[in-house]
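Protein chains in written order, with the working numbering: chain A, 1 to 395; chain B, 396 to 660.
Working notes for the structure below.
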Amino acid sequence: MSTEQNMIEIENLDVVFGDQPEQALALLDQGLSRQEIIDQTGSVVGVHNANISVKQGEICVLMGLSGSGKSSLLRTLNGLNPISRGSLKVRDGDEIVDLVTCDENTMRHLRTNRISMVFQKFALMPWLTVLENVAFGLEMKGISKKARQQSAMEKLEMVGLAEWAHSKPHELSGGMQQRVGLARAFAMDTDILLMDEPFSALDPLIRAQLQDELIELQRKMKKTILFVSHDLDEALKIGSHIAIMESAKIIQHDKPEDIVLNPKTSYVEDFVAHTNPLNVLGGRTLMTGKELLSEDSSNRIIIDRSHEYWVTLDNGKIKEAGKGDQVLPIEDWQQGDGEKGKFAVATPDISMRDAINLRYSSRLPVLLQEDGQFAGVLNDNNFYYALLGKHFVAD
Amino acid sequence: MEAFVDWLIGNAAGFFDAIAFSLEWLILGVTDLLLMAPAMLLIALTAALGWWLQRSIGLVIFVVASLLLISNLGYWTEMIETLVLVLMATFMCVLFGIPLGILAAHYPKFHIAIRPVLDLMQTIPTFVYLIPTLILFGLGVVPGLISTIIFAIAAPIRLTALGISSVPEELLEAGKAFGATRWKLLFKVELPAAMPNIMAGVTQCIMLSLSMVVIAALVGADGLGKPVVRALNTVNISQGFEAGLAIVLVAIMLDRLCKQPNRDH
């Protein structure tokens, strides 16, 4: 672990629940399946040979169906689940702590200073007021009543629930309760945040709203977040990295776009098939690159199948673009709709949603240019392939 | 069995006498203290307590009316004696019962071990253990108190154990995840979460203690049981009913006073 600032480093981690983990681990090494191990020893394999590292500032989403071991993995990070084998290192300021060997006091130090958690079913104490709930962790930390109430109040204001400070949790709606859960975790001022399906119990509208709020808060606070979800759209929306788990194993750990474009196994492919690519894919992965386009006799680059549209370059930069013999105006795109009959020039970072909107409103292919160099073009076929869940195929 | 009791009397008489003496001193002391205060002051205080605990005008009216009626029937002294006995027994039960209940919830083996003992304590006819306690502690209020405790302590143990072991897993996890020590987990998460059950156990304990009043009177404990026993011996129907009514009123009062207020659910 060097300059990279890995906050969490997990190597060959196994988690087995049951009375005789050694026996189960031996069977695991022999290559028996989870079900066979349950039948023979009664032990349940929660996580099998997990290797993953999470850098400072990342939101890493652990994705999988229920029972895939994503929550089990998350819970080992703050010691709620035992580690049967392997190593799990967490950055503690300038030091690195291995959870396998650390004692109870170190564990408690990590829980009060480095790692806090948000729960699926909120897990608020029903007998405490909202404010006291937010201050709960600070109380465990041993902070004086006045100081912790002040700090808790600030966090409540941050999630917009200051006027509910003295209500009991059951008076609040689900979405508000989870905001209290978030405030409670933020109040600990830890570097690492564990979120165990925090939005799954909420209805879709509130869920989307809280996702946006989380992204917004993360922009300000730059925490390292481990987020468990069974919803790929959610994972793609908030994750900077996604780790997909299937029957206790991590089968792919990649950036969201790579997961969608290069699913490693058919299992991941099935998952990805049902996602909405509009939110995930960008111009760079969708476009037909410049090197794949051909020129005609008059050095015009043909940018569509029917050889109707073209661009000309000047030192790699777009000079003119047009349809047939006609030269059409060009406009640099920033945001919003394009103008009918005007080529829009965007950067390859444009989202698929914006690109389709430009294509629709300008009635023309979308030109992509980066650092003054023509990079490629987005046309209908690029969009169709992506929408159909296929890899990009050159025209 | 007989040899064992004999051995106890022979070798530990001093010990039992000490217990009997100190408990008796405590009970009589508190009783005298309460009897010194004017009845009207106590009625007012109880009414205020009722208002403070439950915020109900109806309860306050009921408390004042019943206490006045008991006083009018001439059972004021007996009622105070009974009240002290019941509260003392409940106090003892809570003192020992709640820690035992917590232990039972945390150590399933201990729970399995004490369960038959608790069953036995609740089902064995009271008179059976009244005899040895009578021999060990002598005639008076103490054997009554001990028998009452034996009979009533199972309720707080059971309900505390139930309450603690049914604390939702996610609350325990939240407590641990935020760095609670074992003691803090007990006092800040488990006990508050189990409080409704524990309070139900305490209320039940009070009611069970009260139901022992007549039996305690048989071994010489003063209180509302005495007139009932006397009425039984003299076949005095009206006296029996009056004393019985006083017991019932005390029971209802204590129950309503201790009831968990409905926390706007």
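By construction, the Cβ of each residue, glycine as well, lies at the ideal position given by its N, Cα and C atoms.
Take the alpha-carbon of A/D29 and the one of B/V562: they are about 37 Å apart. For the segment 96 to 115 of chain A, the residues whose beta carbon sits under 9 Å from a beta carbon of chain B are, in order, E104, M107, R108, H109, L110, R111, T112, N113 and I115. Inclusion of A/L138 and A/A152 in the CB contact set at 8 Å is warranted, their separation being smaller than that value. Assignment of A/G376 by DSSP, reduced to helix, strand and coil, places it in the strand class.
Note: A/V15 is bridge-paired with A/V47 in the DSSP secondary-structure output. In this structure the segment 551 to 571 of chain B lies against the segment 584 to 604 of chain B, because at least three pairs of beta carbons, one per stretch, are closer than 8 Å.
The Cβ neighbour count for B/L462, taken over all protein chains shown within 10 Å, is at least 16; the residue is labelled buried. Burial check for A/D337: the Cβ neighbour count within 10 Å stays below 16, so the residue is exposed. Contact annotation: the segment 434 to 445 of chain B does not touch the segment 499 to 507 of chain B, with fewer than three C-beta pairs closer than 8 Å.
Going by DSSP, A/D212 is part of the alpha helix (DSSP H) stretching over P204 to M221. Of all residues in the segment 79 to 98 of chain A, those with a C-beta nearer than 7 Å to a C-beta of chain B are L80, reading in chain order. The beta carbon of A/N49 is closer than 6 Å to those of N12 in its chain, skipping five residues each way along the sequence. The beta-carbon of B/L557 is placed no less than 8 Å from the nearest beta-carbon of chain A.
Separation of the CB atoms of A/A187 and A/L193 is rounded to 12 Å, and the pair is thereby denied contact status at 8 Å.
When DSSP reads this structure, B/W420 sits in no beta bridge, so it has no partner.
For A/K223, the nearest beta carbon of chain B is not closer than 8 Å to its own beta carbon. Beta-bridge partners assigned by DSSP to A/Q149: none are found. Here the alpha carbon of A/A321 sits roughly 23 Å from the alpha carbon of A/G282. Of the residues assessed, B/W402 falls on the exposed side of the cut-off, its CB having fewer than 16 other CB atoms within 10 angstroms. At the C-beta level, A/I10 and A/S240 stay beyond 8 Å of one another. A/K121 belongs to the set of residues whose beta carbon lies under 8 Å from a beta carbon in chain B. A distance below 8 Å separates the beta carbons of A/D14 and A/R85. The beta carbon of A/P277 lies closer than 7 Å to those of V260, M352, A386 and L387 in the same chain, with the five residues before and after it left out.
Between the C-alpha atoms of B/G639 and B/G570 there is a straight-line separation of about 49 Å.
Residue environment: A/N51 is assigned as exposed (fewer than 16 neighbouring CB atoms within 10 Å of its CB, all protein chains considered). Distances from the CA of A/S71 to each of A/M245, A/A273, A/D254 and A/D94 were compared; the closest alpha carbon is that of A/M245.
Per DSSP, the continuous alpha helix (DSSP H) segment holding B/G496 begins and ends at W471 to H501. Across the segment 574 to 587 of chain B, CB contacts with chain A closer than 8 Å involve G574, A575, T576, K579, K583, V584 and P587, in sequence order along the chain. The residue among A/D203, A/D304 and A/A135 with its C-alpha nearest the C-alpha of B/K583 is A/A135. Excluding residues up to 5 positions away in sequence, G535, V536 and V537 lie with their Cβ nearer than 8 Å to the Cβ of B/E419 in the same chain. Note on A/W310: 16 or more other CB atoms within 10 angstroms of its CB, so buried under the neighbour-count rule.
Annotation: the continuous alpha helix (DSSP H) that includes A/A24 extends over P21 to D29. In the structure shown, A/N6 falls within a strand segment according to DSSP collapsed to helix, strand and coil. The continuous stretches of alpha helix (DSSP H) do not include A/Q334, and DSSP gives it neither H nor E. The criterion of a C-beta distance shorter than 8 Å is satisfied by A/M140 and B/G574. Taking a Cβ-Cβ threshold of 9 Å, the residues of chain B close to A/K141 are F573 and G574, in chain order.
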